[in-house]
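This report concerns only the one structure given below.
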Amino acid sequence: MARLLFFGRLGDLAGAVERSIGLSQAHSVADLIGVLGQSDRLLASALGEDRIRYAINGTIVDSGALVEDDDELAFLPPVSGG
């Protein structure tokens with residue numbers, strides 16, 4: 330099972346900070362956003378924003394990167410603060 334982590338407001342939109350999804354083959358980050366969008370368009374829209382970053386197993390990647398079944402994919406919103 331791939332582990333999906335949603336940080337900041339993305340966790341609020343997802344309804345949880347973590348989800349698991351079984352992958353029989355590798356999927357791109359963009360493909361997974363599309364899969365999530367089938368049940369939640371608002372979440373998919375937020376995950377696809379230009380300012381959202383993605384990390385697979387702790388490494389920042391682009392939306393074309395492939396996610397395997399045992400990977401951890403984190404969705405990282407912009408950080409603000411002072």
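So the sequence shown is numbered by my numbering: it starts at 330 and just counts up by one. The C-beta atom is built at its ideal place from N, Cα and C for all residues, glycine as well.
Euclidean distance between Cα positions of residue i and residue j
i, j, result
"L339", "A375", "7 Å"
"S349", "V390", "19 Å"
"R382", "F404", "6 Å"
"T388", "G366", "24 Å"
Beta strand (DSSP E) segment containing residue i, residue limits
i, result
"L333", "A331 to F335"
"S349", "E347 to I350"
"R380", "Careful: R380 lies outside any beta strand (DSSP E) and carries neither H nor E."
"V390", "T388 to V390"
Residue range of the alpha helix (DSSP H) that includes residue i
i, result
"R338", "R338 to A343"
"A359", "V358 to G366"
Close Cβ partners of residue i (< 6 Å) along its chain, the five nearest in sequence each way excluded
i, result
"V346", "F335 and G340"
"V358", "Y383, S392 and A394"
Proximal residues to residue i (C-beta, below 7 Å), its chain only, five neighbours per side dropped
i, result
"P407", "R380"
"M330", "S349, I350, G351 and D398"
"G337", "P406"
Bridge partner(s) assigned by DSSP for residue i
i, result
"E397", "The partner list for E397 (beta bridge, DSSP) is empty, contrary to what the question assumes."
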